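Data block below; observations after.
Residue numbers (this note's numbering): 43 to 360.
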């Protein structure tokens, strides 16, 4: 990670090309033009190692990464990052955080609702790929269709990794409805995503849904976060489920030694504090949970998760 901590200043209304691409950049010269650009949003002054990993991983697979921001960055982004002023899409006073959380502990204080509205408008105006900043790219996202959506194990689609063309009627439709229905007082965590799913069906784009990442199940993500496992060969990306980290107050500046996540930080030369490896019994128990939990009916899993969240709230913090 760069050691220079000087503040990065935005120029309102225009893109800022941060640095020349490294000679080691492995640009994919044969990638379709509509797959080249990947957009992400970050609200805050500091990028953690997980966000740095996101940017570097897409760049390593031949993509140009456009980082949309509202604050001057103290953490220098990776060389080659195109930094863009978020006010070109939505004004600063449109930013909001959810006031309340859901039954799983998700949502309170989250920017997710605003981020969903932002991405719909951005993709309508610019097109290309959208990624959340908790995703690591494993293979080039070189898809032939104008649209591509990430399959989910509960909903048909989630919007944290998707591709749409500029001027997309779908994104215009999603933006208009999300802007009308989603605000700081929304307690329906899945409302913006249901809008997207409804739009995909309405515009006849269900054939553009692909299984391209790990499942969004914390017992799976936690194993890759804590242990050395290999990703499935069909995965194009890995989703680290930032909202779970946030609700569980997990540090993104520390990682377990000899874990898959640690190996990714090492691969991209990102400095990170290493924690001791988990005891063997703990590793085995978590791998067992990863294998067994999918066989538990979804409704039962959700009820158990709610009960666990409520139980943990009763335990006084030390």
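A virtual CB, placed ideally from N, CA and C, is assigned to each residue, including glycine. In this text the structure is predicted, and so the values were computed from the model without any measurement.
Can you tell me whether DSSP reads residue i as helix, strand or coil?
i	result
residue 103	coil
residue 312	coil
residue 293	coil
residue 141	coil
residue 169	coil
residue 65	Reliability fails at residue 65, whose pLDDT of 35 lies under 50, so the model's placement of it is uncertain and the value that follows must be treated cautiously. Residue 65 falls in the coil class under three-state DSSP.
residue 174	coil
residue 74	coil
residue 184	coil
residue 109	strand
residue 153	coil
residue 92	helix
residue 121	coil
residue 307	helix
To the nearest angstrom, how far is it from the Cα of residue i to the Cα of residue j?
i	j	result
residue 315	residue 247	43 Å
residue 64	residue 104	Its pLDDT being 41, under 50, residue 64 is placed unreliably in this model, and the coordinates cannot settle the point.
residue 275	residue 135	43 Å
residue 230	residue 286	17 Å
residue 221	residue 264	34 Å
residue 68	residue 223	Its pLDDT being 47, under 50, residue 68 is placed unreliably by the model, and nothing is read from it.
residue 126	residue 108	7 Å
residue 87	residue 111	9 Å
residue 213	residue 325	43 Å
residue 215	residue 240	10 Å
residue 168	residue 217	14 Å
residue 161	residue 299	35 Å
residue 66	residue 228	No answer about residue 66 holds up, because its pLDDT of 38 lies below 50 and its placement is not dependable.
residue 195	residue 339	12 Å
residue 119	residue 141	30 Å
residue 75	residue 283	29 Å
residue 157	residue 175	11 Å
residue 234	residue 133	19 Å
residue 323	residue 237	43 Å
residue 193	residue 258	10 Å
residue 305	residue 293	17 Å
residue 260	residue 95	20 Å
residue 171	residue 137	22 Å
residue 100	residue 226	31 Å
residue 155	residue 139	7 Å
residue 317	residue 208	44 Å
residue 121	residue 97	10 Å
Between which two residues does the alpha helix (DSSP H) containing residue i stretch?
i	result
residue 213	211-223
residue 177	Residue 177 -> not in any alpha helix (DSSP H); beta strand (DSSP E) instead, spanning 177-179.
residue 83	Segment 79-84 is the beta strand (DSSP E) holding residue 83; no alpha helix (DSSP H) there.
Provide the residue span of the beta strand (DSSP E) that contains residue i, from first to last.
i	result
residue 203	199-206
residue 136	That residue, residue 136, is in no beta strand (DSSP E); it is neither H nor E in DSSP.
residue 191	190-193
residue 125	124-127
Under 8 Å, Cβ to Cβ, is there at least one residue of chain D near residue i?
i	result
residue 297	Note that chain D does not occur in the displayed structure, where there is just one protein chain.
Is residue i near the ligand COA, judged by its Cβ being under 7 Å from some heavy atom?
i	result
residue 285	The ligand COA is not among the ligands present in this structure, which contains no ligands whatsoever.
Which partner residues does residue i have in the DSSP bridge list?
i	result
residue 298	317
Unbroken stretches of the beta strand (DSSP E), 3 residues or longer, contained in the segment 221-289:
279-281
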